[in-house]
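**Student:**
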Amino acid sequence: MTEPVGGAQDTLRSEILNAAAYDWVPMIEVDQIVTQQRLAAGDSERFDVVTTVLRALLDEGLVSVGDLPGDGNEVPDWGLSADATIERVRSMYVGRHAEPEEWEYRIWIGLAQVQPGD
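Count along the sequence shown from 1, add 1115, and you get the number used in my numbering.
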């Protein structure tokens, strides 16, 4: 049995923020949370929950999304608008879900960096 949509979104939101408090979170971990917590009945619902939660977190300025750089000196943020970020996530995660190498460790979520004066 899966959680109601609002409960699923709240659970996923909390799990992402908790994990991101320690380090950047790969999309495979987000996908596994949905599976382990039974937050979606099927892939369509899975994609909706993930992209809805991610969009809300971006809109609230709580997270950024990007590629994990090799040298560890850069912030992985793609530097895109929320719309463009979600479009890229949909293209990689939803559009190519059957090709996990295209999204598992190519989409990372981290807490947004607070800029001085914010």
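Ideal Cβ positions, reconstructed from N, Cα and C, are used throughout, including at glycine. Since we're looking at a predicted model, the values are computed, not measured.
Which residues in the same chain have their Cβ closer than 8 Å to the Cβ of L1177, if we skip the five residues on either side of it in sequence?
**Tutor:** Its chain contains L1132, L1226, A1227 as the residues whose beta carbon lies nearer than 8 Å to that of L1177, once the 5 sequence neighbours on both sides are disregarded; these appear in chain order.
**Student:** Within a Cβ cutoff of 7 Å, which residues of the same chain sit near E1219, ignoring the five residues on either side of it in sequence?
**Tutor:** P1141, M1142, I1143
**Student:** Quick check: what's the CA-CA separation for E1217 versus R1203?
**Tutor:** 12 Å
**Student:** Does the distance from the C-beta atom of R1161 to that of V1149 stay below 7 Å?
**Tutor:** yes
**Student:** Residue ranges of each beta strand (DSSP E) run of no fewer than 3 residues wholly in the segment 1170–1217, ordered along the chain?
**Tutor:** 1178–1181
**Student:** Please state whether the Cβ-Cβ distance between P1191 and D1198 is less than 7 Å.
**Tutor:** In terms of Cβ geometry, P1191 and D1198 do not form a close pair [threshold 7 Å].
**Student:** Compare the C-beta of A1136 with all C-beta atoms of chain B and state if any pair is closer than 7 Å.
**Tutor:** Within the model displayed, chain B is absent; a lone protein chain is all it includes.
**Student:** Which full runs of the alpha helix (DSSP H) of 4+ residues lie inside the segment 1134–1168, going along the chain?
**Tutor:** 1142–1151
**Student:** One question on the structure: do Q1124 and V1165 come within less than 7 Å of each other, judged by their Cβ atoms?
**Tutor:** no
**Student:** Identify the residues that DSSP records as bridge partners of I1224: which are they?
**Tutor:** V1140, V1180
**Student:** Residues in its own chain within less than 8 Å of W1139 by CB, not counting five upstream and five downstream?
**Tutor:** L1183, P1191, W1223, I1224, G1225
**Student:** Using the Cα positions of I1201 and V1209, report the straight-line distance between them to the nearest angstrom.
**Tutor:** When rounded, the distance between both Cα atoms is 10 Å.
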